[in-house]
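Participant:
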Amino acid sequence: MGSNEDVRISVKPGVTGGSFMVRGTAVLTNVPANITVTPVNDGSVFVGANATSSSSRHVFNLGTLQVHRLVCLFRFKIWWMIPCFGTSGGDIPAETQMLLLEVENKFYVLILPVLDGQFRTSLQGTPDNELEFCIESGDPDVQTTKIKEPVFVNSGNNPFKLIRNSIKILEKHKGTFKHIDNKQKPEHIDWFGWNTWDAFYCNVDPEGIKDGLENFSKGGCPPKLLTIDEGWQNIFPSYEENPTGELSRLINLEENTKFKGSKLDKSGKNLRDFIKTIKQIYGLKYVYIWHAMAGYWGGVLPESEVMKKYNPKIQPVVQSPGNLTHVVCSTLDNIQEKGIGLIDPSKIRDFYHDFHSYQASCGVDGVKVDVQSVLELLGAGYGGRVSLTKSYLGALEDSVTETFKSNNLICSMSLNTDFLYSTKKAAAARATEDFMPNEPTFQTLHVAAAAFNSLLIGEIIVPDWDMFYSDHITAEFHGAARALSGSAVYVSDKPGSHDFDIIKKLVLPDGSILRARYAGRPTRDCLFNDPVTDGKSLLKIWNLNKLSGVIGVFNCQRAGIWPPIKGSIYMPAPGSGIPISGIVSAGDVDALEEVAGENWRGHCAVYACLSGSLKTMLKDAKFQVALEHLKCEVFTVSPIRAFSEDLRFAPIGLLDMYNSGGAVEAMDSENKSSECKIKVRIRGCGRFGAYSNKKPKCCSMNEKDEEFIYNPIDGLVTVKVEGEYSSREMVFVY
Numbered sequence: 076m077g078s079n080e081d082v083r084i085s086v087k088p089g090v091t092g093g094s095f096m097v098r099g100t101a102v103l104t105n106v107p108a109n110i111t112v113t114p115v116n117d118g119s120v121f122v123g124a125n126a127t128s129s130s131s132r133h134v135f136n137l138g139t140l141q142v143h144r145l146v147c148l149f150r151f152k153i154w155w156m157i158p159c160f161g162t163s164g165g166d167i168p169a170e171t172q173m174l175l176l177e178v179e180n181k182f183y184v185l186i187l188p189v190l191d192g193q194f195r196t197s198l199q200g201t202p203d204n205e206l207e208f209c210i211e212s213g214d215p216d217v218q219t220t221k222i223k224e225p226v227f228v229n230s231g232n233n234p235f236k237l238i239r240n241s242i243k244i245l246e247k248h249k250g251t252f253k254h255i256d257n258k259q260k261p262e263h264i265d266w267f268g269w270n271t272w273d274a275f276y277c278n279v280d281p282e283g284i285k286d287g288l289e290n291f292s293k294g295g296c297p298p299k300l301l302t303i304d305e306g307w308q309n310i311f312p313s314y315e316e317n318p319t320g321e322l323s324r325l326i327n328l329e330e331n332t333k334f335k336g337s338k339l340d341k342s343g344k345n346l347r348d349f350i351k352t353i354k355q356i357y358g359l360k361y362v363y364i365w366h367a368m369a370g371y372w373g374g375v376l377p378e379s380e381v382m383k384k385y386n387p388k389i390q391p392v393v394q395s396p397g398n399l400t401h402v403v404c405s406t407l408d409n410i411q412e413k414g415i416g417l418i419d420p421s422k423i424r425d426f427y428h429d430f431h432s433y434q435a436s437c438g439v440d441g442v443k444v445d446v447q448s449v450l451e452l453l454g455a456g457y458g459g460r461v462s463l464t465k466s467y468l469g470a471l472e473d474s475v476t477e478t479f480k481s482n483n484l485i486c487s488m489s490l491n492t493d494f495l496y497s498t499k500k501a502a503a504a505r506a507t508e509d510f511m512p513n514e515p516t517f518q519t520l521h522v523a524a525a526a527f528n529s530l531l532i533g534e535i536i537v538p539d540w541d542m543f544y545s546d547h548i549t550a551e552f553h554g555a556a557r558a559l560s561g562s563a564v565y566v567s568d569k570p571g572s573h574d575f576d577i578i579k580k581l582v583l584p585d586g587s588i589l590r591a592r593y594a595g596r597p598t599r600d601c602l603f604n605d606p607v608t609d610g611k612s613l614l615k616i617w618n619l620n621k622l623s624g625v626i627g628v629f630n631c632q633r634a635g636i637w638p639p640i641k642g643s644i645y646m647p648a649p650g651s652g653i654p655i656s657g658i659v660s661a662g663d664v665d666a667l668e669e670v671a672g673e674n675w676r677g678h679c680a681v682y683a684c685l686s687g688s689l690k691t692m693l694k695d696a697k698f699q700v701a702l703e704h705l706k707c708e709v710f711t712v713s714p715i716r717a718f719s720e721d722l723r724f725a726p727i728g729l730l731d732m733y734n735s736g737g738a739v740e741a742m743d744s745e746n747k748s749s750e751c752k753i754k755v756r757i758r759g760c761g762r763f764g765a766y767s768n769k770k771p772k773c774c775s776m777n778e779k780d781e782e783f784i785y786n787p788i789d790g791l792v793t794v795k796v797e798g799e800y801s802s803r804e805m806v807f808v809y
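First residue of the sequence shown? That's 76 in the working numbering, and the numbers climb one at a time after it.
1) Looking at phenylalanine 603 and arginine 144, is the spacing between their C-beta atoms short of 8 Å?
2) Do you know whose CA, among Ala563, Leu463, Leu407, lies nearest serine 421's CA?
3) Suppose only complete runs of 4+ residues qualify. What are the alpha helix (DSSP H) ranges in the segment 122-160, listed by chain order?
4) Going by DSSP, which residues form a beta bridge with glycine 657?
5) If the criterion is Cβ atoms closer than 8 Å, does the pair arginine 592 and glycine 561 meet it?
6) Could you give the residue range of the alpha helix (DSSP H) that holds threonine 464?
7) Going by Cα to Cα distance, which pick from Cys159, Glu179, Leu614 is closest to glutamine 172?
8) With DSSP collapsed to three states, give me the class of glutamate 262.
9) Whole angstroms are fine: how far does the CA of lysine 621 sit from the CA of lysine 697?
10) Which value, in whole angstroms, describes the spacing of the CA atoms of lysine 285 and tryptophan 266?
11) Measuring CB to CB, does glycine 343 end up less than 8 Å from phenylalanine 349?
12) Could you please give me the residues that DSSP links to aspartate 731 through a beta bridge?
13) Should isoleucine 423 be labelled buried (16 or more other beta-carbon atoms within 10 Å of its own) or exposed?
14) Going by CA-CA distance only, name the one from Lys480, Leu581, Thr219, His248 that's closest to glycine 268.
15) Tell me whether tyrosine 544 is buried or exposed, calling it buried when 16 or more other Cβ atoms sit within 10 Å of its Cβ.
16) Using C-beta distances below 8 Å, list every residue in its chain close to tyrosine 457, excluding the 5 sequence neighbours before and after it, in chain order.
17) Are any of the Cβ atoms in chain D nearer than 8 Å to that of glycine 687?
18) Are the beta-carbon atoms belonging to leucine 140 and serine 163 less than 8 Å from one another?
19) If you follow the alpha helix (DSSP H) that lysine 293 is part of, which residue opens it and which one closes it?
20) Using a Cβ-Cβ cut-off of 7 Å (strictly less than) and excluding sequence neighbours within five positions of leucine 376, which residues of its own chain qualify?
21) At which residues does the beta strand (DSSP E) containing leucine 693 begin and terminate?
22) Just to confirm, is the Cβ distance from serine 566 to glycine 627 under 8 Å?
23) Hey, threonine 519 and valine 607: beta-carbon distance below 8 Å or not?
24) Let me check one thing: in DSSP terms, what residues is cysteine 707 bridge-paired to?
25) For cysteine 147, which of Leu452, Gly200, Ile715 has the nearest alpha-carbon?
26) Is it right to say valine 82 is buried, meaning 16 or more other beta carbons lie within 10 angstroms of its own, or is it exposed?
27) Using only CA atoms, which one of Asp568, Val659, Ala563 lies nearest to valine 279?
28) Kindly give me the distance between the Cβ atoms of threonine 711 and glycine 687, rounded to whole angstroms, as I take these residues to be in contact under 8 Å.
29) Please state whether DSSP places lysine 413 in a helix, a strand or coil.
30) Assuming arginine 762 is part of the alpha helix (DSSP H), what are its boundary residues?
31) Could you tell me how far apart the beta carbons of isoleucine 535 and histidine 254 are, in whole angstroms, since I believe they sit closer than 8 Å?
32) Is the beta carbon of valine 217 less than 8 Å from the beta carbon of serine 131?
33) Decide if the segment 428-442 is in contact with the segment 403-412; the criterion is three or more beta carbon pairs, one per stretch, under 8 Å apart.
34) Please classify cysteine 631 as buried or exposed, where buried requires at least 16 other C-beta atoms within 10 Å of its C-beta.
35) Using three-state DSSP, classify histidine 431 as helix, strand or coil.
36) Nearest by alpha-carbon distance to glycine 93: which of Ala126, Leu137, Asp117 is it?
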């Protein structure tokens, strides 16, 4: 996405006179003498340090942070990240995994704590405005006195290009992970899905799944992806025998009794028969299945005859001090007390191969692998957290691609840098904590966290913004966000509880979705504003389609606090309260030039999906948007191309979809002395719209004349597209 010309500078960052200088500006002062700087390329450097004694964990002072606006991404739980905003070192929490500074409104400085050998790094601030970095191996026997490349520093004029190019530099230099551009994306991300979790939780069973699929089909929105989430495995204590929530462990590789025998009714005798049946009846393309990184939450049962071949043992867990400064997830209580049944890392490839081979034999097409960050607690005796993560993750990635013949893997509860900078194949991972339908104060935080986290993780994986309920007070809010997220779209509706009007704004009749090209991220003018608690800022999220941009504007204010805490005060219902105003510009789509074409002269057609209005403006022109609590709007931004001296045209797309422009695949033209033909290739059906400064003579689709409506006031051309849902060519003649 773009070039790296914006981040090339002639003078590399370094320490001069006790100050860490970037582009002639002091970013840090009072830098200690034990800090080292190692140049990389294109003006980027690694910052390291030397210690006086050997340890498996060190905290080094980098100096005093000068006053700049900042945004950072930090882990508030062992599994999940959220953003934090401020102007001083004291605003930077422990377990910060990305720090972006705006320096004197001139340029940006990116500071990334990364992996260095067996050590993992994080950032943290102090009340004295100092910036520190912490390195830790997670194994008392893995110690060091010096670290050379734990912190990466780079600068640039464009924050999105800066982050993108920095990750590419690290990919090449470190060699431990791959950028998303160099990974095979999983097949499911372009299709509508249904996940069983919020529909049934651990009580999922075949009857409920069939009931859900039947209801989707009757509503005209059959999912193409089914994810059978937690609740299908054989564990001890079992789901039925464990009302008090004891720590359960996996006892074998097969499905439990809910998916076997008489309980399947007419769907066969086992999981294989059940999956075959529902694929045939409901037209599913993919069935994914859930398991934890260690098999189950408590790992595997060492006493199990099936598991003994993998040499498991109960491994105690040790939490990092950084994690303990934030929200300690209650799911860790039992794990902390009883440990994990951990498979020997030398046997983990065999386990995943056997596990996935059985699932594939049952017709499973991919896996959602949860509870991944637990590995950072288990590194003692195995070379540390980074080494253990690389062993498990590498084995998991290889098993998925070899067994399922595609990269059909969703990673979850994995937002630590141990995972991010070790993944060479995994290309989809959850971007934020779970959608929690019964927690009203979590809804806006979910969307905001996913957008900000995508700044970093979107360069390494396709961020998965999680499931949501289509029949929920915040359904439109979540649906609009998913439409421009660049991620998969799937719901977790209870059978019979659906809003098909919401789903049909996201999903085409063939089950495919209009997925945007990149990860949805906050617009540049939103990067340093807290869209949840400052009481005045709207959240704007931008993305690109093949020929247009898209901007979603969301009022996330007064609905919760950071971090998400159950029981927070819930403010007014959607649409109530005093609206919050903000400024929107076509130029909020940061890389619009990428898709504009040579015949673009700076004007754009801007279509508002929910209000149905169309306006034209210069790229840098601004207009005001006012939104009430938990309300949103989605704008398709289509560059207006000049096809002759007096003809201007811009395809918008399917007007009734949140991401209208995602339906436009390509555009071409034939210019003759007597007429001009503009050819637009689209997919899907419904109301197609385009901006034209003059009324077309005629319109045809696949060489068949079509009726159209032209509004001379705003220039909107509307054509009703019916019939097949495959790609087709629409021709406008002038």
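We put the beta carbon where it would ideally sit given N, CA and C, even for glycine. Since we're looking at a predicted model, the values are computed, not measured.
Facilitator: Let me spell this out:
1) yes
2) Leu463
3) none
4) Val700
5) yes
6) 460-478
7) Cys159
8) helix
9) 24 Å
10) 19 Å
11) yes
12) For aspartate 731, which the question treats as bridged, DSSP gives no partner whatsoever.
13) buried
14) Leu581
15) buried
16) Asp214, Pro420, Leu463, Ser466
17) The structure shown contains no chain D; it is built from a single protein chain.
18) yes
19) 281-293
20) Phe311, Arg324, Leu325, Ile326, Met382, Gly416
21) 689-693
22) Residue identity check: residue 566 is valine in the sequence provided, not serine. No; because the gap between Cβ atoms is not below 8 Å, this pair is not in contact.
23) yes
24) Phe629
25) Gly200
26) Unreliable positioning characterises valine 82 in this predicted model, as indicated by a pLDDT of 43, which lies under 50. The coordinate reading is nonetheless provided below. Buried, by the Cβ-count rule.
27) Asp568
28) About 12 Å; that fails the 8 Å criterion.
29) helix
30) Note, arginine 762: premise wrong, no alpha helix (DSSP H); beta strand (DSSP E) at 761-767.
31) 7 Å
32) yes
33) no
34) buried
35) helix
36) Leu137
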